[in-house]
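Novice: One structure, pasted below without further comment.
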Amino acid sequence: MDDTIKLALETIAQDKQAIVFCSSRASAEKTAEDIAKKVILTNQERKDQAKEISNSCLKVISPPTKQCKRLSAMLTKQIAFHHSGLHSKQKDTIETEFKHGNIKIICATPTLAAGLSLPVFRVICKSLKRFTGRFGMSWIPTLEYLQMAGRAGRPEYEDFGEAIAIAKTQNEKDEIYQRYICGKPEEIYSKLNVEPVLRMYLLSLIASGIIRDTDQMSEFFAKTFWAHQFGDLEELEEIIQRMLKLLEGWGFIVLGDLKKEQKRSLSLGKQKNSKNQKEDANDLFTSALEIVSNKTMKLEKSKESKDNGVFSVQLRATKIGKRVSELYLDPLTANHLIECLDKVQYRIDQAKNQSTGDQLKTTAFSYLQMISNTLEMRPRLRIKVKEQEYYSNVLLQHYEELLQEEPDVFDLNYNDFMNSIKTAEFFQKWINEVGEDVLLDEMNVRPGEIRVKLENANWLIYSCSELAKILNYKSQLAPLQRLRIRIKFGVSEEILPLLKLKGVGRSRARKLFNQGLKTIVDLKNSSQTDLTTILGPKLAASIKDQLGQKVEPIKKGKRTGQMNLGKFT
DNA sequence: GTATGCTGCGTTTAGACAGCATGTC
DNA sequence: CTAAACGCAGCATAC
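Given below as structure tokens:
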């Protein structure tokens, strides 16, 4: 039998608890399941307790997903898995019930290591390797090992705790000993992801007025702990230089007083070719940039340049640049969104001018793909090998609606682009009321991920409408707002009016609609009795009340309102 | 006949943070 | 420089 499973069972035999850290979700689920298979609960009280927890996790989503069922089944044995795909309510109950001692083993991905304190007698690391795109399976950072191992030992209950790392070979054993037991935790800092961070950082520093010119900028970055950590100051200079130029080209900042604030796409009637626009902008700024290049950023030489009396170039955020910074958008994303909004607006204007002919339509899918292809929406839903054909069809189907060009098939970004199509398709299904169980089966999105995606989408769409306001694209505000509500509730267009009522969400609105109550007016004309049969007495009364109509006292029937409500939620 | 186990091959692979507005029986 | 394990299908064996 697997050593991990042996150790887990032995822990249970001691009537203690353990966390098993696994390197993938599939592994966490499977390991937990394998352990659960071998567990036999004898104590009736424990059985009942476990059953109760199992049920409460099962009914978090209705209808339950296969993930819910799998979790629920093993909770019966006081075993659980834990990873980011779980619904947050399930995560919560698992954590609290583990604390209460009602769950004996949790098989988890690193979520649990980073999260709140969840001390335990024994930590078992099934594997200390993890897949990384670039290097295949590689050792996890020492710091992460320490975090996981640090869960072991509960000062309140135990004198000590155990952290056990499983090695598959003698070689691995030595390596683990050297690397994790003797090794020092590495610096947290990585050079890999500097650019996006720097983009945002730079813009926010300028927008907030902390940095007003290139002198201050140089000074600021030279002094930063971050710059110190980065080490290679010249490389940092280059990056800052590049970011500055990008921010300027995107119209988020203005250099010096050489030019008035760039008005971006404010005139509605005019077709804007964004590429040309950008080039123009770059031309205009060349002189300013040259000054900057020659003068700033030579951090080591900054004294020298000051002595030479070269003047500093002013840095100022534009109106839209400020808003981008406030919205906490990556400027690259913001630019992408703005370009897409430009395109939508162009289509709208064209449609106004010529009434005939085929117009390129902007649909919900257009916007959904737009937000799906941002950095913020990463990681996108991945297209599996067998799904490729399906999603090329989806792409074809929505081709005309897209607001960005399809990259070349051999482009490195092509995969990512296709994943944005799948992600958009996921949102599309969500706002057409497809259930979470189906979404998991068909698209491999788990409830936990769904929540994160929806939150991001909500934020991005909100940001879009804020940008649209500044760009004066008024005609896009309503569609964006509608889309935002649809995303939030996961509903189709047709039942939108019903959502204004308190206590009416995705499923209740659908119920009403299917009973022929499609609008607020329909509801006003319906009797409270009818509403009661659909939604139960309490909600029926509440709706009548919200509509400003007389509320008849609730009759006490065989079933109370409480029970009805329970059934619907 | 059904359940379980083994082998071989193709496929997949952790997580989390930002803003906003408002509410849940 | 630098994979490993899961899931599934197909087949063998146990009950």
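Okay, so the first sequence: first residue is 2 according to my numbering, each after it adds one. We put the CB at the ideal spot given by N, CA and C, even for glycine.
(1) With distances taken from CA atoms, which of Leu478, Glu402, Lys475 and Leu413 is nearest Ile422?
(2) Mapping the DSSP letters down to three states, classify Val522 as helix, strand or coil.
(3) Under three-state DSSP, which class holds Thr375?
(4) Excluding the 5 residues flanking Asn56 on each side, which residues of the same chain have their C-beta closer than 8 angstroms to its C-beta?
(5) Counting only the same chain and skipping the five closest in sequence on each side, list residues whose C-beta sits under 6 angstroms from that of Leu404.
(6) To test your reading of the DSSP string, which unbroken alpha helix (DSSP H) runs of 4 or more residues are found completely within the region 39–98?
(7) Using 8 angstroms for Cβ pairs, my map puts Glu434 next to Arg511. What's the rounded Cβ distance?
(8) Look up Ile107 in the DSSP assignment and say whether it is helix, strand or coil.
(9) Are the Cβ atoms of Lys525 and Leu499 separated by less than 9 angstroms?
(10) Asn515 to Arg509, Cα distance in whole Å?
(11) For Phe82 and Ala29, which I take to be in contact (beta-carbon distance under 8 angstroms), what is that distance rounded to the nearest angstrom?
(12) Counting C-beta neighbours from all protein chains within 10 Å, is the total for Glu145 16 or more, i.e. buried, or is it exposed?
(13) Does the contact criterion of 3 or more C-beta pairs under 8 angstroms hold for the region 310–329 versus the region 213–226?
(14) Are the CB atoms of Gln15 and Arg447 nearer to each other than 9 angstroms?
(15) By the 10 Å Cβ neighbour count, where 16 or more other Cβ atoms means buried, how is Gly210 classified, buried or exposed?
(16) Bridge partners for Gly137 per DSSP, in chain order?
(17) With three or more beta-carbon pairs closer than 8 angstroms as the criterion, would you say the region 96–105 touches the region 129–142?
(18) From the DSSP output, in three-state form, read off Glu434 for me.
(19) Between the alpha carbons of Tyr463 and Gln482, how many angstroms are there, rounded?
(20) Who are the near neighbours of Thr424 in its chain, counting only those whose CB is closer than 6 angstroms to its CB and skipping five residues on each side?
(21) Does the Cβ of Lys271 have 16 or more other Cβ atoms within 10 Å, making it buried, or fewer, making it exposed?
(22) Quick test of the definition: if touching needs 3 or more C-beta pairs under 8 angstroms, does the region 320–334 touch the region 233–243?
(23) Quick one, are the C-beta atoms of Ser326 and Phe221 less than 9 angstroms apart?
(24) Have a look at Met244 and Glu196 and give me their C-alpha separation to the nearest angstrom.
(25) Need the endpoints of the alpha helix (DSSP H) that Arg348 sits in, please.
(26) For Gly86, which residues from the same chain have a beta carbon less than 8 angstroms from its beta carbon, with the 5 sequence-adjacent residues on both sides left out?
(27) According to DSSP, is Glu220 part of a helix, a strand, or is it coil?
(28) Determine the extent of the alpha helix (DSSP H) in which Cys381 is found, giving its start and end residues.
(29) Label Arg379 either buried or exposed according to how many other C-beta atoms from any shown protein chain fall within 10 Å of its C-beta, with 16 as the threshold for buried.
(30) Given this structure, state the Cα-to-Cα distance separating Ile107 from Leu513, to the nearest angstrom.
(31) What is the rounded straight-line gap between the Cα of Asn103 and the Cα of Asp160?
(32) What is the rounded straight-line gap between the Cα of Val492 and the Cα of Val505?
(33) Could you name the residues that DSSP lists as bridge partners for Phe226?
(34) Got a sec? Which residues, its chain only, sit under 8 angstroms from Gly517 by beta carbon, not counting five neighbours each side?
(35) Would you kindly report the start and end of the unbroken alpha helix (DSSP H) that includes Cys465?
(36) Considering only C-alpha positions, which residue in the set Asn445, Leu330 and Pro65 is nearest to Leu199?
Specialist: Concretely, from the data shown:
(1) Glu402
(2) helix
(3) In the structure shown, Thr375 sits in coil (DSSP, three-state: anything other than H, G, I, E or B).
(4) Ser73
(5) Cys341, Lys344, Ser367 and Met371
(6) 45–59 and 67–76
(7) 6 angstroms
(8) strand
(9) Taking 9 angstroms as the Cβ cut-off, Lys525 and Leu499 do not qualify as a contacting pair.
(10) 10 angstroms
(11) A Cβ-Cβ distance of about 5 angstroms is found for the pair Phe82 and Ala29, placing them in contact under the 8 angstroms criterion.
(12) buried
(13) yes
(14) no
(15) Classification of Gly210: exposed, given that the 10 Å Cβ count is below 16.
(16) Note: Gly137 sits in a beta bridge opposite Thr133.
(17) no
(18) Coil, per DSSP.
(19) Those two C-alpha atoms are separated by around 8 angstroms.
(20) Ser373, Arg381 and Leu382
(21) Because Lys271 carries a pLDDT of 40, less than 50, the predicted location of this residue cannot be relied on, and no value is offered for it.
(22) no
(23) no
(24) 8 angstroms
(25) Pro332 to Asn354
(26) Arg26, Gln68, Arg447, Pro448, Gly449 and Glu450
(27) DSSP places Glu220 in helix when its eight states are reduced to three.
(28) As written in the sequence, residue 381 is Arg, which differs from the Cys given in the question. Counting along the chain, Arg381 falls outside any alpha helix (DSSP H), and DSSP gives it neither H nor E.
(29) exposed
(30) Near 41 angstroms, if we compare the C-alpha coordinates of Leu513 and Ile107.
(31) 21 angstroms
(32) 12 angstroms
(33) According to DSSP, which records beta bridges pairwise, Phe226 is partnered with nothing at all.
(34) Asp523
(35) Pro448 to Ile471
(36) Leu330
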